[in-house]
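One structure is given here, and the rest of the page talks about it.
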Amino acid sequence: MRIVINDFIRADGIPAKEFVKIETPDYVEVLPFDRTTGEVVLICQFHWGVGAPLIKLPAGKVKSGQSPLQAARSELREEAGVEGEIFPLKTVYDIPMWYSATAHHFMAFVDANEYAAQRLDEDEEIAVIVAPIGEVYKAIMERDPLTSDTALNLAVLFAIQSGFIDPKFLTPQEVTPTQE
Amino acid sequence: MSAELENKPKTSLSLAEQFKLARDRVSWTLQGEQALYNRP
Numbered sequence: 038m039r040i041v042i043n044d045f046i047r048a049d050g051i052p053a054k055e056f057v058k059i060e061t062p063d064y065v066e067v068l069p070f071d072r073t074t075g076e077v078v079l080i081c082q083f084h085w086g087v088g089a090p091l092i093k094l095p096a097g098k099v100k101s102g103q104s105p106l107q108a109a110r111s112e113l114r115e116e117a118g119v120e121g122e123i124f125p126l127k128t129v130y131d132i133p134m135w136y137s138a139t140a141h142h143f144m145a146f147v148d149a150n151e152y153a154a155q156r157l158d159e160d161e162e163i164a165v166i167v168a169p170i171g172e173v174y175k176a177i178m179e180r181d182p183l184t185s186d187t188a189l190n191l192a193v194l195f196a197i198q199s200g201f202i203d204p205k206f207l208t209p210q211e212v213t214p215t216q217e
Numbered sequence: 143m144s145a146e147l148e149n150k151p152k153t154s155l156s157l158a159e160q161f162k163l164a165r166d167r168v169s170w171t172l173q174g175e176q177a178l179y180n181r182p
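Residue numbers (the working numbering), protein chains in the order written: chain R, 38 to 217; chain S, 143 to 182.
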C-alpha cells in the first residue's frame, strides 16, 4: 500500500492541491450461495476503518501472479471454509476518489453444509455466518444497518438481477436447523 | 472446544443472532494511533 498526495491543474487552469490517494492492490469479493438450501455464507470481521465488526463477503487482495478468479477461489476457501464454481458478477471502482484499486465481484455456488476449517492469515480473525438469502435480502431492502457493507449490497442485488438466485428464496423463510 | 468447531456456523440462529455471537468473537480494541498525514 502507498499513500500519496497529488497536486493537479484543473481543466479551467486553476491549481488544485493536496488530494490524498491510497494505492492498494486490486481485490476480490465473493458471494457464496447454496442453490439447494437458499443459504449464503457470509463472514464477520473487524473493520478498523469504522472501528467495528461488520457482516461482509469473503474477500481479499489479488496477490502477485494471481488472476482475480484464482484470488476469489482462494479467499472463498480460506475465509469462509467453502468451495464451489465461481462466476463473475461485475468489476467496479470502490471509493474511486481515494482508492486506486479495482474490485472484482464474483458469485460462487457452494454447499453451505460442506464447511471446512478456515485457513486464515496470522492477522485475520473471522467468524462465519450462514443465513437464508431471503433474510439477508430483506435486511438489505429494509436498510437494516446489519447489512451496511457496500459489496454485500451490490453482490446480492447483482446476483438477483443476473438470475443466479431463484426468486423463490427471496421470501424470508422460517429459520430451520441444518446439518451442524 | 477446537477453533474449528467453535467457528462452525450456527445455522439454526437468525442473521442478527449469529452477528451478535460473531461480533463478540472478532471485536478488536484500539491500542494506538499515528497520523500519517494531517490536512490543515
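Cβ coordinates follow ideal geometry from the N, Cα and C atoms, glycine included.
Rounded to whole angstroms, what's the CA-CA distance from residue i to residue j? Just pull it up for me.
i	j	result
arginine 180/R	proline 95/R	21 Å
asparagine 154/R	alanine 48/R	The identity of residue 154/R in the sequence shown is alanine, whereas the question assumes asparagine. Each residue's alpha carbon lies about 54 Å from the other.
glutamate 120/R	lysine 54/R	47 Å
aspartate 44/R	tyrosine 136/R	16 Å
methionine 143/S	proline 133/R	Only weak support exists for where methionine 143/S lies, its pLDDT of 46 falling under 50; the coordinates are left without a value.
valine 173/R	leucine 79/R	10 Å
tryptophan 170/S	glycine 50/R	46 Å
lysine 98/R	proline 52/R	34 Å
lysine 205/R	arginine 167/S	33 Å
threonine 74/R	glutamate 159/R	32 Å
glutamine 82/R	valine 65/R	16 Å
Any idea if residue i is buried or exposed, counting beta-carbon neighbours within 10 angstroms, 16 or more meaning buried?
i	result
lysine 58/R	exposed
threonine 128/R	exposed
glutamine 176/S	exposed
aspartate 203/R	exposed
histidine 84/R	exposed
isoleucine 92/R	buried
threonine 153/S	buried
Using CA coordinates, which residue listed in the options is at the minimum distance from residue i?
i	options	result
valine 77/R	Leu68/R, Val129/R, Asp203/R	Leu68/R
serine 199/R	Tyr152/R, Phe143/R, Leu79/R, Ile166/R	Phe143/R
leucine 191/R	Ile51/R, Leu126/R, Ser104/R	Leu126/R
Quick check: is any heavy atom of the ligand GTP less than 7 Å from the C-beta of residue i?
i	result
phenylalanine 83/R	In terms of ligand content, the structure shown is empty, and the ligand GTP therefore cannot be addressed.
Contact check, residue i vs residue j under 8 Å by CB: the rounded distance?
i	j	result
glycine 88/R	leucine 172/S	7 Å
alanine 145/R	glutamate 162/R	With a Cβ gap of about 22 Å, alanine 145/R and glutamate 162/R do not count as contacting.
alanine 158/S	isoleucine 166/R	The pair is not a contact, with the Cβ atoms about 10 Å apart (cut-off 8 Å).
isoleucine 170/R	leucine 207/R	7 Å
valine 141/R	aspartate 63/R	The sequence as given places histidine at residue 141/R; valine does not occur at that position. Confirmed, Cβ separation roughly 7 Å.
alanine 138/R	threonine 61/R	5 Å
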